[in-house]
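Below is one structure; the comments refer to it alone.
Protein chains: 2
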Amino acid sequence: MESEGPLGTYFDFSSADDLFGVETWENAETELVRQTLDCALKKAQITSSQLDFVLGGDLLNQCTATSYGCMPHNVPYLGLYGACSTFAEGLLVGASMMESARFETGGVVVSSHFSSAERQYRFPLEYGCQRPPTSQRTVTGCGAALLHAKKTQKCKDAICITGGRIGLIVDSKVKDANHMGAAMAPAAADTLCAFLHESKTAARDYDLILTGDLGKIGAELFTELCAQKGFFFSDNYVDCGTQIFSEQQDVHAGASGCACSAIYICGYLSKIWRNAPLFRVLLLGTGALLSPLTVQQKHSIPGIAHLIVLERG
Amino acid sequence: MESEGPLGTYFDFSSADDLFGVETWENAETELVRQTLDCALKKAQITSSQLDFVLGGDLLNQCTATSYGCMPHNVPYLGLYGACSTFAEGLLVGASMMESARFETGGVVVSSHFSSAERQYRFPLEYGCQRPPTSQRTVTGCGAALLHAKKTQKCKDAICITGGRIGLIVDSKVKDANHMGAAMAPAAADTLCAFLHESKTAARDYDLILTGDLGKIGAELFTELCAQKGFFFSDNYVDCGTQIFSEQQDVHAGASGCACSAIYICGYLSKIWRNAPLFRVLLLGTGALLSPLTVQQKHSIPGIAHLIVLERG
């Protein structure tokens, strides 16, 4: 479905088999992580032994897709859990660690899988549960980015991380696990508005402002919340969750999952970056910090959004 | 049980009620995180608004104890998942981020709870399942450390993080989720031996070498594995998992959980540090990267161990 969407032709690899040749969806997600990291290393013409660390995570309990997927690469591994904000969290933590001057090359890898997520968070797929209009479809995908401390000839066209802001956990008071856009929008608005205020910049100073996976409804809410705080967008705001699938693919409110922003950035944006008029881009990685148990125990769903500034090198 | 153990009198706070006055064990763990961070801030005489970030995690699915427990503090939050190695991972990531000179003060908080872990990873407590001799008891506890980028008058007696090593994921080939010490020992030996080799130091150069939660059996295995690689300990090696409970408390192979090394370091070691002949200490945070699902799907249990060097300031 991801490869049939509007960005399908940009992705490095796609498969018609959502099991990737293995026996379970969880193993498929593991395989996806292993192959994606492999692909990133090959494209950069380096080997995994040159990686000083890999930061990664996914949505499975205990983040096993990433740990089992990174294991064959034999890399120093740091597990993250930021729900769907994990890609931005990894870039933010990785870039900060890079500035210590103790590391040369690092990696960030995140994944999600519709079928492994559905049966863990909601219902077994075999049950055929009807999904409400506010629901989003978890992206089956994986994105990996390599971080270099210094610009060299080899990575001279690389995108630079020039700033960021670690998100606060914002309680949205939303209790509906099928309404994640609404649960994450307040956190995204909180982080963006605080960043613009502190950096004394306006939304129009950026060629593109991206949110990770708010979906159609969440993106509207986010725009409204920002407007209430006095920050307005022109047509430079896009939610990655509205870009992965087409209207015809009938995914209700859009796409979601760790891989949503990761495949948008790594699989698409990084490829059009040089030819598009993009100089400064903001990415707000959005995450909903719920678990099936916190939903059963009637807690509201806290949201978080980490921001990074990407600039043309 | 933790307060009745050999280190019980050192802890800042203990409670006879494992529900901490709330309704579920998961909420109790959340409350534990909230209170522990509060306690650390009060002891340092700072407020949560002075924290540039908090790195944290726990064993619950989607690490909800830490995220819900940090939420009321309104702090920039970065979620980690390193299983029982999360405390060492947090110190390692935090110390590296601190070196970027972009942060002044950060926090690391990790928790575990016997009852919330048991019902998630193994069996409902009400079932009264018999535990095998290799099993360990998850520590109900929480530890928090504050990181300062610079030594000031206020933290002049603080312990310094002077080095570290990010662990590789090592497949132990162990498939028994009740034999975690054996699953983690190879990773701990791998990290320690690589570190000693690269730093050209010997085990005797350190006043104390700590592993996180290998337990009695795992600690023996670890000692053997290190000896096979040519590294020998005198009496300067201690596993935190053998220190929390006494022999009489009948916890089989010892203690485990994220909180095991955290309460040993924060609750005990930091307090005796000044009066004990401790100058250089190595902590190997050990973690088993399994999930209940990977065990059901017959995968072996990968281990990881992150190392940090702690020195008298």
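Going line by line, the protein sequences match chains P and A.
According to the working numbering, the first sequence is numbered sequentially starting from 4.
According to the working numbering, the second sequence is numbered sequentially starting from 4.
Glycine included, each C-beta is placed from N, C-alpha and C at the ideal position.
Bear in mind that the values here come from a model prediction, so they are computed numbers and not experimental data.
Just tell me which of the options has its CA closest to the CA of residue i.
i                      : options                    : result
residue 294 of chain P : P/10, P/85, P/78, P/57     : P/85
residue 311 of chain A : A/288, A/301, A/138        : A/288
residue 196 of chain P : P/250, P/217, P/228        : P/228
residue 61 of chain A  : A/148, A/80, A/113, A/18   : A/113
residue 186 of chain P : P/163, P/177, P/194, P/42  : P/177
residue 107 of chain P : P/135, P/201, P/215, P/53  : P/53
residue 290 of chain P : P/240, P/72, P/189         : P/189
residue 40 of chain P  : P/71, P/27, P/281          : P/71
residue 150 of chain P : P/97, P/120, P/138         : P/97
residue 74 of chain P  : A/248, A/303, A/198, A/217 : A/303
residue 111 of chain A : A/17, A/59, A/78           : A/59
residue 264 of chain P : P/129, P/102, P/87, P/6    : P/87
residue 46 of chain P  : P/238, P/157, P/173        : P/157
residue 234 of chain P : P/253, P/203, P/63, P/118  : P/203
residue 146 of chain P : P/262, P/8, P/305, P/307   : P/262
residue 309 of chain A : A/316, A/292, A/299        : A/292
residue 64 of chain A  : A/222, A/211, A/152, A/82  : A/82
residue 30 of chain P  : A/314, A/313, A/306, A/300 : A/300
residue 137 of chain A : A/192, A/184, A/245        : A/184
residue 284 of chain A : A/315, A/278, A/306, A/130 : A/315
residue 42 of chain A  : A/18, A/246, A/129, A/148  : A/148
residue 198 of chain P : A/20, A/79, A/231          : A/79
residue 7 of chain P   : P/281, P/307, P/276, P/251 : P/251
residue 281 of chain A : A/130, A/44, A/162, A/57   : A/162
residue 117 of chain A : A/194, A/223, A/236, A/35  : A/35
residue 44 of chain P  : P/104, P/305, P/222, P/76  : P/76
With H, G and I counted as helix, E and B as strand and the rest as coil, what does DSSP make of residue i?
i                      : result
residue 268 of chain P : helix
residue 115 of chain P : strand
residue 162 of chain A : strand
residue 174 of chain P : strand
residue 61 of chain P  : coil
residue 242 of chain A : strand
residue 97 of chain A  : helix
residue 80 of chain P  : strand
residue 69 of chain P  : helix
residue 12 of chain A  : helix
residue 149 of chain P : strand
residue 155 of chain P : coil
residue 140 of chain A : strand
residue 297 of chain A : helix
residue 50 of chain P  : coil
residue 194 of chain P : helix
residue 184 of chain P : helix
residue 39 of chain A  : helix
residue 247 of chain P : coil
residue 24 of chain A  : coil
Mind checking who residue i pairs with in its DSSP beta bridge?
i                      : result
residue 92 of chain P  : Looking at the DSSP assignment, residue 92 of chain P forms no beta bridge with any residue, so it has no partner.
residue 85 of chain P  : Note: residue 85 of chain P sits in no beta bridge, so no partner.
residue 302 of chain A : Looking at the DSSP assignment, residue 302 of chain A forms no beta bridge with any residue, so it has no partner.
residue 314 of chain A : A/163, A/283
residue 211 of chain P : P/284
residue 168 of chain A : A/310
residue 233 of chain P : Answer is none; residue 233 of chain P lacks a bridge partner.
residue 56 of chain A  : A/109
residue 258 of chain P : P/140
residue 291 of chain A : A/306
Against chain B, with Cβ distances strictly below 9 Å, would residue i count as a contact?
i                      : result
residue 177 of chain P : Among the protein chains in the structure shown, which are P and A, there is no chain B.
Inset, instruction - Quick one: which residues of the region 101–115 of chain P get their C-beta closer than 9 Å to a C-beta of chain A? List them in chain order. - result: 101, 102, 103, 104, 105, 106
Legend entry - the region 124–131 of chain A in contact with the region 163–170 of chain A per 3-pair CB rule at 8 Å: no
Legend entry - Near-chain A residues of the region 65–79 of chain P (beta-carbon distance less than 8 Å), N- to C-terminal order: 65, 66, 67, 70, 71, 73, 74, 77, 78, 79
Legend entry - Near-chain A residues of the region 23–51 of chain P - C-beta to any C-beta below 7 Å: 27, 29
Legend entry - Interfacial residues, the region 298–314 of chain P to chain A, with Cβ spacing under 9 Å: 300, 302, 305, 307, 309
Legend entry - the region 249–261 of chain A in contact with the region 141–148 of chain A per 3-pair CB rule at 8 Å: yes
Legend entry - Stretch-stretch touch, CB-based, cutoff 8 Å, three pairs: the region 44–53 of chain P with the region 86–98 of chain P: no
Legend entry - the region 7–18 of chain A in contact with the region 262–277 of chain A per 3-pair CB rule at 8 Å: yes
Inset, instruction - Compile a chain-ordered list of the residues in the region 114–139 of chain A whose CB is closer than 7 Å to at least one CB of chain P. - result: none
Inset, instruction - Could you please tell me which residues of the region 183–216 of chain A, in chain order, have their CB closer than 7 Å to any CB of chain P? - result: none
Inset, instruction - Can you give me, in chain order, the residues of the region 88–99 of chain A that have a beta carbon less than 7 Å from any beta carbon in chain P? - result: 92, 96, 99
Legend entry - Residues within the region 250–272 of chain A neighbouring chain P, beta-carbon criterion of under 7 Å: none
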